[in-house]
Amino acid sequence: MNFSSLQRILTTAIISGVFAGILISLIQFVTTIPLITEAEIYESQPVASAPATDAHTEGHSHAAAAPAAHSHGDEDSWGPEDGLERMTYTVISNVIAGVGFALLLGAAMTMRGRDVDVKSGALWGVSGFLVFSLLPAAGLPPEVPGTVGAPVELRQMWWFLTVACSGVGLAMIVFKSSWIWRGAGVVLLLIPHVIGAPHPEVASGTAPASLAAQFAMMTMITSAIFWVMIGSVSGFVLEKLRALS
53 MNFSSLQRIL
63 TTAIISGVFA
73 GILISLIQFV
83 TTIPLITEAE
93 IYESQPVASA
103 PATDAHTEGH
113 SHAAAAPAAH
123 SHGDEDSWGP
133 EDGLERMTYT
143 VISNVIAGVG
153 FALLLGAAMT
163 MRGRDVDVKS
173 GALWGVSGFL
183 VFSLLPAAGL
193 PPEVPGTVGA
203 PVELRQMWWF
213 LTVACSGVGL
223 AMIVFKSSWI
233 WRGAGVVLLL
243 IPHVIGAPHP
253 EVASGTAPAS
263 LAAQFAMMTM
273 ITSAIFWVMI
283 GSVSGFVLEK
293 LRALS
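Per our numbering, the sequence shown starts with residue 53, numbered consecutively.
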């Protein structure tokens, strides 16, 4: 990978990451953020056992490798105030996440060594969604404020294991022609889920089960949009840069 390739990756990551981060923030303002705000009302109430609200995500966050969201812990932990401050921090966090994920995606596209356009870029985005969001969420779904989960460190370890196994496994399935390699890829995909995601002995939370389920669904939808935007815009920018070179 030469210097010009690095320049293209960086340029593409900045453009696609900023675009996707701003777009997904606008979507979150009318989808997940109102749900978080509603869940915070219940968070001040005593925690009650509620198996149906058992929802978790990497590092006790609300975004499932998508766009940033509100973090919650004890009552003394800092968090942005509702209104302009929360909106500002949401946009900044989403843009930073977008650029970071776009760098990973751009590097993978470049290392693959094939020309990328909008359509193939979108497929790369779908792959990113599978690896960083959907497959980890199969074990640790996105959670609303007030949900009691397993220790953060255990969930983070399981999330990173799942991302690593999913990324390598999916690459083996897609890019290898041998059924042996593809079979090994399937095994890698299954390993984290066979081990099992960490969960508390008794699932509990303050928010209603319907609210937790709605939040998990909307988070997955926004995450999918986020990743497809990153992939398709990256493909578009790389195609234009290739035409100019």
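Built from N, CA and C at the ideal position, the CB exists for glycine as well.
All figures in this text were calculated on a predicted structure; none of them were measured in a lab.
- prompt: Going by beta carbon distance, what residues of the same chain come within less than 7 Å of D106, once the five residues before and after it are set aside?
  reply: Because the pLDDT of D106 is 39, which lies under 50, any placement of that residue in the model is unreliable, and the question is left without a value.
query: Straight-line CA distance for M139 to A160?
result: One alpha carbon belongs to M139, the other to A160, and they sit about 31 Å apart.
Cβ shell of G73 (< 6 Å), same chain only, five flanking positions each side left out: Same-chain partners within the cutoff: N146, V147 and G150.
message: Three or more C-beta pairs under 8 Å: does that hold for the stretch 206-217 against the stretch 271-285?
response: Below 8 Å, too few C-beta pairs join the stretch 206-217 and the stretch 271-285 to call them touching: fewer than three.
- prompt: Hey, out of V200, E205 and R234, whose CA is closest to T258's CA?
  reply: Of the candidates V200, E205 and R234, the one whose C-alpha sits nearest the C-alpha of T258 is V200.
query: Is the beta carbon of V220 less than 8 Å from the beta carbon of L240?
result: Yes.
message: Is the separation between the beta-carbon of S77 and that of G177 shorter than 8 Å?
response: Cβ atoms of S77 and G177: not closer than 8 Å.
message: Using 8 Å as the cut-off, can you tell me whether the stretch 263-270 makes contact with the stretch 75-95, which would need three or more C-beta pairs spanning the two stretches below that distance?
response: Segments in contact, yes.
query: If you compare alpha carbons, which of L242, I282 and R166 is closest to L187?
result: Comparing Cα-Cα distances from L187 to each of L242, I282 and R166, the minimum goes to L242.
message: Short of 6 Å in beta carbon distance, which residues of its chain neighbour V70, apart from the five on each side in sequence? Order them along the chain.
response: Correct list, in chain order: V147.
message: Taking the straight line between their C-alpha atoms, what separation do you get for V170 and I67?
response: Spanning the two alpha carbons is a distance of roughly 14 Å.
query: How many angstroms separate the CA atom of G135 from the CA atom of L222?
result: Spanning the two alpha carbons is a distance of roughly 40 Å.
query: Taking buried to mean at least 16 other C-beta atoms within 10 Å of its own C-beta, is S218 buried or exposed?
result: Around the CB of S218, 16 or more other CB atoms lie within 10 Å, so the residue is classed as buried.
message: Taking 8 Å as the threshold (C-beta atoms), are P194 and A91 in contact?
response: Cβ atoms of A91 and P194: not closer than 8 Å.
Within 8 Å, strictly: CB atoms of V183 and L290: Taking 8 Å as the Cβ cut-off, V183 and L290 do not qualify as a contacting pair.
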